[in-house]
Amino acid sequence: MKDVDPIEFFEKNDRVFITGAGGVGKSYAINQFCERYKKEEVLRTASTWKAAEIIGGKTVYSAFMIDYTKTEQEEYWDVVENFLKKTYEIIENENFEEWHRNDADALIRAEFLGEHGFRGSCEIEPSERESFFEEHLQRCKNDSRKAEKVWYAANSYLRWITIKTRVIIIDEISMLGSEILERILNKIEKFKYKGKIILSGDFYQLPPVPEEGETKKDYCFLSPKFKEFKCLELTKIQRTDDLEFSQVQQKIRDGRIKDEWGDIDPQIDLFFRKINIKPIIGDETTYTHLFTRNREVDEYNERMIERFKKNAKWVKFCCAEIQQNGSVIDDFKEEIKKHKKKLEYGDMELFEGMRVMTRVNRPKENYVNGTHAVVKDIAKNGDLVCIKDDGTEIYIKRVEAGPVLNVYDENDEKIASFEFKQYPICPAYAITIHKSQGSSIDRVWIGSGTSGFFESGQLYTAISRARSVKHLYCAAGVKAVKTDPMVQKFYKKIENEQMQIDKETKNKMAI
709 MKDVDPIEFF
719 EKNDRVFITG
729 AGGVGKSYAI
739 NQFCERYKKE
749 EVLRTASTWK
759 AAEIIGGKTV
769 YSAFMIDYTK
779 TEQEEYWDVV
789 ENFLKKTYEI
799 IENENFEEWH
809 RNDADALIRA
819 EFLGEHGFRG
829 SCEIEPSERE
839 SFFEEHLQRC
849 KNDSRKAEKV
859 WYAANSYLRW
869 ITIKTRVIII
879 DEISMLGSEI
889 LERILNKIEK
899 FKYKGKIILS
909 GDFYQLPPVP
919 EEGETKKDYC
929 FLSPKFKEFK
939 CLELTKIQRT
949 DDLEFSQVQQ
959 KIRDGRIKDE
969 WGDIDPQIDL
979 FFRKINIKPI
989 IGDETTYTHL
999 FTRNREVDEY
1009 NERMIERFKK
1019 NAKWVKFCCA
1029 EIQQNGSVID
1039 DFKEEIKKHK
1049 KKLEYGDMEL
1059 FEGMRVMTRV
1069 NRPKENYVNG
1079 THAVVKDIAK
1089 NGDLVCIKDD
1099 GTEIYIKRVE
1109 AGPVLNVYDE
1119 NDEKIASFEF
1129 KQYPICPAYA
1139 ITIHKSQGSS
1149 IDRVWIGSGT
1159 SGFFESGQLY
1169 TAISRARSVK
1179 HLYCAAGVKA
1189 VKTDPMVQKF
1199 YKKIENEQMQ
1209 IDKETKNKMA
1219 I
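So, in structure tokens, the structure goes:
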């Protein structure tokens, strides 16, 4: 099955998991397949904000309206309660323009309000509104069918998405836990989605981040629903023409680092000897440094930024706020200041001469995810002007950066809402290996030593970020290679299934 055309595989199967080592062309195959559809017929999502930016899509949490801080049941009743509350606020304020903004919402609200004796425009007191709301909510809790009606109305956006979409893509699936995958599938199945679902990722890379206090790994392939997906593993590396580097990555990926006598594989041994040699002095700052821990990243970036910004002609912050709902930014300075720390890179300082790395693909604008450049200026229209390593000039626009900041009063009523925009870049001096996932980087310097690697797939993820071994340095040794036996068992099963299908295919051809 290794020789199967992925496009043909996608055509034959409605639920697919495409996998393989970093750089085997998973994204390329998906993009080629999606060219058969109109842009609006393909819903591109990813497990993280960073991965979603790279593919030009949304996070699974945004696309499928999932609140990961709550259980599926808690989220369900929050949706029902908030929808009813909004309905009665509209009636109280006679804001019927908003009521009719969405036909599905209007129908369901009209039905419910009709049950309470309301017809057309009417006026109710705040105290009445609260009592009507409480009564209606209780009726939903007592009657699951009524609750379902409200839930469907509140999710009218998702219903519309499932009707018009023919292909749903979920990228970097390895970073998604089984519980979230099940919630996604449960939602779209409620709306009887009939299109294709393509999961993409590599479970040999970093596993999902566990919940606080949890130690057990929650790979999504452990979900019973994952059995509904046909698996296709690609093996030919597309990211680099260095065959030896490709072979080494494959061995590190699945833990095949020892020979038949139990000694370190000679090819692996030679590889680590090569990458343990530091580049010539003076080249260090042209590399992106990868570390296992945030503390190491912060320390290195701060050191480099302080070192270089002293002589910079200007220093500015890269974050921009957008006013919403009539909110005045000055009234919520403290809330905004705290919230900026939750954004992708906080309110990052920029200065002339700063080395940065792009985090999204914009080939038409002459840069892709992982492009290195030096900051030159900020244009009058707000674009960030940078010079790439090859000397060409690029213009980087700000993009939406989640999450949205909602401010509530003491009655838990929303009083302000702010969205943020940032340049899709990060300091190119250092990032965590976790944040590098999904990137292809020109120059990689793995700064953490052997003892600093604590997670399975961590070193493989870091090494596979490099486009070439020529510009790869690693402070860690071969003992830092860690592979999860659970993942090895999963891939062995895929391999056996593919071998069986290959055998059956050859037998049919021989007849």
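Residue 709 is where the sequence shown starts when you use the numbering used here, and the numbers rise one by one after that.
The C-beta atom is built at its ideal place from N, Cα and C for all residues, glycine as well.
What you are looking at is a predicted structure, and each value in this text was computed from that prediction instead of being measured.
| Item | Value |
| --- | --- |
| Interface flag, His1179 vs chain D, CB-CB below 9 Å | In summary, chain D is missing from the structure at hand, where a single protein chain is found. |
| Burial state of Glu749 (16 or more Cβ within 10 Å) | exposed |
| Local Cβ density within 10 Å of Ser1147, reported as buried at 16 or more and exposed below that | buried |
| Pick from Ala759, Arg853, Glu890 and Arg847 that is closest to Ile774, judged by C-alpha positions | Glu890 |
| Beta-bridge pairing of Ile878 - partner residues as DSSP gives them | Thr753 and Leu907 |
| Check: Gln781 C-beta below 8 Å from any heavy atom of the ligand ATP | The model depicted lacks the ligand ATP and carries no ligand whatsoever. |
| Secondary structure, beta strand (DSSP E): runs of 3+ residues fully inside the segment 1170 to 1217 | 1180 to 1182 |
| Proximity of Tyr1270 and Glu941 at Cβ, strictly below 9 Å | No answer is possible for residue 1270: it lies beyond the span of the chain, which begins at 709 and ends at 1219. |
| Sequence-distant residues of its chain with Cβ nearer than 6 Å to Asp1192 (five each side left out) | Ser1164 |
| DSSP three-state assignment for Ala1087, whether helix, strand or coil | coil |
| Beta-carbon proximity list for Ile1102, same chain, < 7 Å, skipping 5 on both sides | Glu1073, Asn1074, Tyr1075, Ala1081, Cys1094 and Lys1096 |
| Beta-bridge pairing of Trp859 - partner residues as DSSP gives them | For Trp859, which the question treats as bridged, DSSP gives no partner whatsoever. |
| Nearest to Arg961 (by Cα), restricted to the options Thr777, Glu1007, Ile976 and Ile1209 | Ile976 |
| 4-residue-minimum alpha helix (DSSP H) runs that sit fully inside the segment 1085 to 1158, ordered along the chain | 1141 to 1144 |
| Alpha-carbon spacing of Pro1132 relative to Leu1051, whole angstroms | 11 Å |
| In chain order, each beta strand (DSSP E) run of at least 3 residues that lies wholly inside the segment 998 to 1035 | 1023 to 1025 and 1028 to 1032 |
| Supposed contact pair Arg1067 and Ile762 - C-beta distance, whole angstroms, cut 8 Å | 7 Å |
| Status (buried if at least 16 other CB within 10 Å, exposed otherwise) for Glu880 | buried |
| Best match in Lys857, His1179, Arg1063 and Lys854 for proximity to Ile985 [C-alpha to C-alpha] | His1179 |
| Distance between beta carbons of Gln957 and Ser1172, contact taken as under 8 Å | 5 Å |
| Local conformation of Thr1066 per DSSP, three classes | strand |
| Contact belief for Val875 with Ile906 at Cβ below 8 Å, rounded distance in angstroms | 7 Å |
| contact_flag[the segment 1137 to 1151, the segment 1105 to 1122] where n(CB pairs < 8 Å) is 3 or more | no |
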